[in-house]
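**Q**
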Amino acid sequence: GGKMVHVNFYRNYGKTFKKPRRPYEKERLDAELKLVGEYGLRNKRELWRVQYTLSRIRNAARMLLTLDEK
Numbered sequence: 312g313g314k315m316v317h318v319n320f321y322r323n324y325g326k327t328f329k330k331p332r333r334p335y336e337k338e339r340l341d342a343e344l345k346l347v348g349e350y351g352l353r354n355k356r357e358l359w360r361v362q363y364t365l366s367r368i369r370n371a372a373r374m375l376l377t378l379d380e381k
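In the numbering used here, the protein residues as written are 312 to 381.
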């Protein structure tokens, strides 16, 4: 028998976060800073990543909830 060798051929490439549309909005910047402090995130990108993931989940849920109407 040979050694257990696992080679991962397929890598899922995709966007992991989304930059804000407007880079310098005072209101958003303040809100982001508060959230980063509250959850101890390292940077804004970590925040955007979570927001992006959540928005995709919400979007999927919306799609699924409106699916059964024929």
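Think of the CB as a built atom: it goes at the ideal place given N, C-alpha and C, for glycine as much as any other residue.
A quick note: this is a predicted structure, and the numbers were derived from the prediction, not measured.
(1) Determine whether the beta carbon atoms of residue 329 and residue 350 lie at a separation below 8 angstroms.
(2) Do residue 361 and residue 355 have their beta-carbon atoms positioned less than 8 angstroms apart in this structure?
(3) Taking the alpha-carbon positions, what's the residue 393 to residue 320 distance?
(4) Keeping to the same chain, check which residues put their C-beta closer than 8 angstroms to that of residue 357; ignore five residues upstream and five downstream.
(5) Return the CA-CA distance between residue 314 and residue 322, expressed in angstroms with no decimal places.
(6) Does DSSP put residue 377 in a helix, a strand or coil?
**A** The structure says:
(1) Not closer than 8 angstroms, so no.
(2) Taking 8 angstroms as the Cβ cut-off, residue 355 and residue 361 do not qualify as a contacting pair.
(3) Residue 393 lies beyond the residue range present for the chain, which begins at 312 and ends at 381; the question has no answer from this structure.
(4) The beta carbon of residue 357 sits closer than 8 angstroms to those of 347, all from its chain and outside the five residues before and after it, given in chain order.
(5) Using only the alpha carbons, I get a separation of about 23 angstroms.
(6) In the structure shown, residue 377 sits in coil (DSSP, three-state: anything other than H, G, I, E or B).
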